[in-house]
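Colleague: Chains as they are written, first to last, in my numbering: chain Y, 1 to 212; chain W, 1001 to 1212. No residue lacks a Cβ here, since even glycine has one placed at the ideal position from N, Cα and C.
Number of protein chains: 2
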Amino acid sequence: MRISDLSRSTGVPVPTIKFYLRERLLPPGHATAATQAQYDEGHVARLRLIRALTDVGKMPLATVRWVLDIVDNGAAATPEAVGAAHDSLPPVVPHGDEPPERALGVVEDLGWAVDPGSTSLWQLETALSAVEEVGLPLSPARLAAYAEAALDVARVDVAGVPQADPQEAVRYVVVGTVLYEPVLLALRRLAQQHLYTGDSPSPPHGPNRPGR
Amino acid sequence: MRISDLSRSTGVPVPTIKFYLRERLLPPGHATAATQAQYDEGHVARLRLIRALTDVGKMPLATVRWVLDIVDNGAAATPEAVGAAHDSLPPVVPHGDEPPERALGVVEDLGWAVDPGSTSLWQLETALSAVEEVGLPLSPARLAAYAEAALDVARVDVAGVPQADPQEAVRYVVVGTVLYEPVLLALRRLAQQHLYTGDSPSPPHGPNRPGR
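Written as structure tokens, this is what we have:
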């Protein structure tokens, strides 16, 4: 297909596609003439991935490039590769030389085996400090409930990893980590709203529920 | 305390504190002389809240101002107030006039009662579209697992709402929604790493586990 068709298939404007080509986020098409090139379904898939990472993942282009590099050059979804993939993803958090003691303690109390050098431990540490700072510390009961829910979600995540194709597996881990996060967060907010509304006289068909 | 003590207590540099004062994010101190003012624990708490929202919540100042307005002027944690609080929080997602059909359908299938005008429904719709676009659609089983986990977390969240002070309750909902999200996401990533590592010979004491 021509670049105009690629634009139509993906909803990405032609100038933006040309920008991604210049930036080498999108591989070049197959040249058919001096000024024409043909694009295929691989280009459509790559464009959709870029848009998902920028629009939903809210990643700057430099991070998108980083993620695409991991996807393109990824090995199998080994523990190391998964950790490296997580380390490459936003959010960027302050990072010390030694593993953060409290976050490491939390994970050890849970009996989870993770690399003490993982950036995700710093993500946890930063988040725990923040809720403490504003006077809303995580109680042990709350932490246990959060961890249990996180483990339930992670079990489904891990079970879904494609086994056949190692590169597809890394793509799944990277993309799935970033793009499923907003799903989980949206569902948490909606569940909160449901539970608050649940106090109204006739749940689950509360006053705000539309007729069908 | 003086502004220098306020800076020491919170780790926020004096020029930044002056900026927050000028922007009226922080209420003025109690003037003791033409060029001096005294600050109290209320200022310490407010500064920590601002920093948590900017550093962990990654909110731009305009959003911080919006959240602080809700906290300051909040009514009780009614379903409407919770919905309004969620609507005011990041992420900003594209928003149509009609409720998004698919997200609304998901929530109805779950039996959750939420306001069809909720921004969180658009957050869910956008996230579901994104995973579909990149060829990783949410299977019904996965959606069910995510929803169950979200509900478990929301139950703990809602149970923790302070009952005595309505303003404190709204503060809890707003701040807790934003600041607990990174805790949940960090735990999900760590749980994934644990489960991948779990394939190694001796879980849960895997090879990456530090000695104690």
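Mind the definition here: the segment 61–69 of chain Y touches the segment 29–36 of chain Y only if three or more C-beta pairs lie below 8 Å; say whether that holds.
Modeller: No contact exists between the segment 61–69 of chain Y and the segment 29–36 of chain Y.
Colleague: Closer than 9 Å, CB to CB, is residue 1140 of chain W near chain Y or not?
Modeller: Position 140 of the second sequence, counted from the start, is the residue given in the question as residue 1140 of chain W. Closer than 9 Å: no.
Colleague: Say whether chain Y places a C-beta atom closer than 9 Å to the C-beta of residue 1058 of chain W.
Modeller: In the second sequence, counting from the first residue as 1, residue 1058 of chain W sits at position 58. Chain Y, which has a Cβ nearer than 9 Å to the Cβ of residue 1058 of chain W, makes this yes.
Colleague: Taking 9 Å as the CB-CB limit, is residue 113 of chain Y close to chain W?
Modeller: Here the question's residue 113 of chain Y lines up with position 113 in the first sequence. Residue 113 of chain Y counts as touching chain W.
Colleague: Does residue 16 of chain Y come within less than 9 Å of chain W when only Cβ atoms are used?
Modeller: Residue 16 of chain Y sits at position 16 when you count from the first residue of the first sequence. False, the Cβ-Cβ gap to chain W never drops below 9 Å.
Colleague: Assuming the contact rule is C-beta atoms closer than 8 Å, residue 1094 of chain W and residue 1126 of chain W should be a hit. Round their C-beta distance to whole Å, please.
Modeller: As a first step, residue 1094 of chain W must be located in the second sequence, where it is residue number 94. As a first step, residue 1126 of chain W must be located in the second sequence, where it is residue number 126. Correct: roughly 6 Å between the Cβ atoms.
Colleague: Considering only residues of the same chain and omitting the five flanking positions on each side of residue 138 of chain Y, which have a CB-CB separation below 7 Å?
Modeller: Within the first sequence, numbered from 1, the residue matching residue 138 of chain Y stands at position 138. 128 and 131.
Colleague: Suppose contacts are defined by Cβ-Cβ distances below 9 Å. Is residue 187 of chain Y in contact with residue 1124 of chain W by that definition?
Modeller: Within the first sequence, residue 187 of chain Y is the residue found at index 187, counting from 1. Within the second sequence, residue 1124 of chain W is the residue found at index 124, counting from 1. Their beta carbons are under 9 Å apart, which means residue 187 of chain Y touches residue 1124 of chain W by this criterion.
Colleague: So with Cβ pairs under 9 Å, would you call residue 8 of chain Y a contact of chain W?
Modeller: On the first sequence, position 8 is the one that residue 8 of chain Y refers to. Not an interface residue.
Colleague: Got a sec: which bits of the segment 1083–1100 of chain W sit with their beta carbon under 8 Å from any beta carbon on chain Y, in order along the chain?
Modeller: Of all residues in the segment 1083–1100 of chain W, 1083, 1086, 1091 and 1099 have a Cβ within less than 8 Å of some Cβ in chain Y.
Colleague: Please list, in chain order, all residues of the same chain as residue 48 of chain Y whose beta carbon is under 8 Å from its beta carbon, the five residues on each side excluded.
Modeller: Here residue 48 of chain Y refers to the residue found at position 48 when the first sequence is read from its first residue. If we look at residue 48 of chain Y and ignore the five residues flanking it on each side, its Cβ neighbours are 10.
Colleague: In the segment 18–76 of chain Y, which residue ranges form an unbroken alpha helix (DSSP H) of at least 4 residues, counting only runs that do not cross its ends?
Modeller: Counting whole runs of 4 or more residues, the segment 18–76 of chain Y contains the alpha helix (DSSP H) stretches 41–55 and 61–73.
Colleague: Would you kindly work out how many angstroms separate the C-alpha atoms of residue 1043 of chain W and residue 1027 of chain W, rounded to a whole number?
Modeller: Numbered from its first residue, the second sequence carries residue 1043 of chain W at position 43. Numbered from its first residue, the second sequence carries residue 1027 of chain W at position 27. Each residue's alpha carbon lies about 7 Å from the other.
Colleague: Alpha carbon to alpha carbon, how far is residue 1149 of chain W from residue 1020 of chain W?
Modeller: The residue you call residue 1149 of chain W lines up with position 149 of the second sequence. The residue you call residue 1020 of chain W lines up with position 20 of the second sequence. Distance between the alpha carbons of residue 1149 of chain W and residue 1020 of chain W: 38 Å.
Colleague: Going along the chain, which residues of its own chain have a beta-carbon closer than 8 Å to the beta-carbon of residue 59 of chain Y, five neighbours each way excluded?
Modeller: Walking along the first sequence from the start, residue 59 of chain Y turns up at place 59. Around residue 59 of chain Y: 53, 67, 90 and 178.
Colleague: Closer than 8 Å between beta carbons: that is the criterion. Which residues of the segment 148–166 of chain Y meet it against chain W?
Modeller: Per Cβ criterion, the list reads 148, 149, 150, 151, 152, 153, 154, 155, 156, 157, 158 and 160.
Colleague: If you follow the alpha helix (DSSP H) that residue 129 of chain Y is part of, which residue opens it and which one closes it?
Modeller: Taking the first sequence and counting its residues from 1, the one referred to as residue 129 of chain Y is at position 129. 119–133 is the span of the alpha helix (DSSP H), which, as asked, contains residue 129 of chain Y.
Colleague: Can you give the Cα-Cα distance for residue 1004 of chain W and residue 1029 of chain W, rounded to whole angstroms?
Modeller: Taking the second sequence and counting its residues from 1, the one referred to as residue 1004 of chain W is at position 4. Taking the second sequence and counting its residues from 1, the one referred to as residue 1029 of chain W is at position 29. If you take the alpha carbons of residue 1004 of chain W and residue 1029 of chain W, they lie about 13 Å apart.
Colleague: When the cut-off is 9 Å and only beta carbons count, does residue 1063 of chain W lie next to chain Y?
Modeller: Numbered from 1 along the second sequence, position 63 holds the residue referred to as residue 1063 of chain W. Taking Cβ atoms only, chain Y never reaches closer than 9 Å to residue 1063 of chain W, which makes this a no.
Colleague: Does the beta carbon of residue 1042 of chain W come closer than 9 Å to any beta carbon on chain Y?
Modeller: The residue given as residue 1042 of chain W occupies position 42 in the second sequence. False, the Cβ-Cβ gap to chain Y never drops below 9 Å.
Colleague: Between which two residues does the alpha helix (DSSP H) containing residue 1098 of chain W stretch?
Modeller: Locating residue 1098 of chain W in the second sequence gives position 98, counting from the first residue. That residue, residue 1098 of chain W, is in no alpha helix (DSSP H); it is neither H nor E in DSSP.
Colleague: Taking residue 1146 of chain W as the reference, which of W:1063, W:1106 and W:1101 has the closest Cα?
Modeller: Position 146 of the second sequence, counted from the start, is the residue given in the question as residue 1146 of chain W. Closest by alpha carbon: W:1106.
Colleague: Taking residue 1175 of chain W as the query, report the chain Y residues whose CB atoms sit under 7 Å from its CB, ordered along the chain.
Modeller: Residue mapping note: residue 1175 of chain W aligns to position 175 of the second sequence, counting from 1. What residue 1175 of chain W touches in chain Y: 134 and 136.
Colleague: Tell me whether residue 209 of chain Y is buried or exposed, calling it buried when 16 or more other Cβ atoms sit within 10 Å of its Cβ.
Modeller: For the purposes of this step, residue 209 of chain Y is identified with residue 209 of the first sequence, where counting begins at 1. With a pLDDT of 36 at residue 209 of chain Y, under the threshold of 50, the predicted position of this residue should be treated as unreliable, though the coordinate-derived value follows. With 16 or more Cβ atoms within 10 Å of its Cβ, residue 209 of chain Y is classed as buried.
Colleague: Quick one: which residues of the segment 1027–1042 of chain W get their C-beta closer than 8 Å to a C-beta of chain Y? List them in chain order.
Modeller: Against chain Y - using a Cβ distance shorter than 8 Å - the segment 1027–1042 of chain W contributes no residues.
Colleague: Chain Y partners of residue 1197 of chain W, CB-CB under 9 Å?
Modeller: The residue you call residue 1197 of chain W lines up with position 197 of the second sequence. The contacting residues are 79, 82, 83, 112, 113, 114 and 115.
Colleague: Tell me whether residue 206 of chain Y is buried or exposed, calling it buried when 16 or more other Cβ atoms sit within 10 Å of its Cβ.
Modeller: By one-based count along the first sequence, residue 206 of chain Y stands at place 206. For residue 206 of chain Y, the predicted model reports a pLDDT of 36, less than 50, meaning its position is unreliable; a value from the coordinates is still stated below. Buried, by the Cβ-count rule.
Colleague: Applying the criterion that 16 or more other CB atoms from any shown protein chain within 10 Å of the CB defines a buried residue, is residue 163 of chain Y buried or exposed?
Modeller: Working through the first sequence from its first residue, we reach residue 163 of chain Y at position 163. Under this definition residue 163 of chain Y is an exposed residue.
Colleague: For residue 176 of chain Y, which residues of its own chain have a beta-carbon under 7 Å away from its beta-carbon, when the five flanking residues on both sides are left out?
Modeller: Residue numbering aside, residue 176 of chain Y sits at position 176 when the first sequence is read from its first letter. 157.
Colleague: Hey, could you find the ends of the alpha helix (DSSP H) residue 1142 of chain W is sitting in?
Modeller: Position 142 of the second sequence, counted from the first residue, corresponds to residue 1142 of chain W. That run of the alpha helix (DSSP H) goes 1140–1159.
Colleague: Do you know how far the Cα of residue 1109 of chain W is from the Cα of residue 1172 of chain W?
Modeller: For the purposes of this step, residue 1172 of chain W is identified with residue 172 of the second sequence, where counting begins at 1. For the purposes of this step, residue 1109 of chain W is identified with residue 109 of the second sequence, where counting begins at 1. Rounded to whole angstroms, residue 1172 of chain W to residue 1109 of chain W spans 29 Å at the Cα level.
Colleague: Below 9 Å between beta carbons: does that hold for residue 1120 of chain W and residue 38 of chain Y?
Modeller: Here residue 1120 of chain W refers to the residue found at position 120 of the second sequence. Here residue 38 of chain Y refers to the residue found at position 38 of the first sequence. Their beta carbons are not under 9 Å apart, which means residue 1120 of chain W does not touch residue 38 of chain Y by this criterion.
Colleague: Could one say the Cβ of residue 131 of chain Y lies closer than 9 Å to chain W's Cβ atoms, at least one of them?
Modeller: Sequence index remark: in the first sequence, residue 131 of chain Y carries index 131 (1-based). Output row for residue 131 of chain Y: interface = yes.
Colleague: I'd like to know whether the C-beta of residue 1013 of chain W is nearer than 9 Å to at least one C-beta of chain Y.
Modeller: Locating residue 1013 of chain W in the second sequence gives position 13, where the first residue counts as 1. Output row for residue 1013 of chain W: interface = no.
Colleague: What's the call for residue 1092 of chain W, buried or exposed, on a 16-neighbour Cβ count within 10 Å?
Modeller: Indexing the second sequence from 1 puts residue 1092 of chain W at position 92. Under this definition residue 1092 of chain W is an exposed residue.
Colleague: Could you check the C-alpha separation between residue 1133 of chain W and residue 1041 of chain W for me, to the nearest Å?
Modeller: Taking the second sequence and counting its residues from 1, one reaches residue 1133 of chain W at position 133. Taking the second sequence and counting its residues from 1, one reaches residue 1041 of chain W at position 41. Looking at the two C-alpha atoms, the distance is approximately 49 Å.
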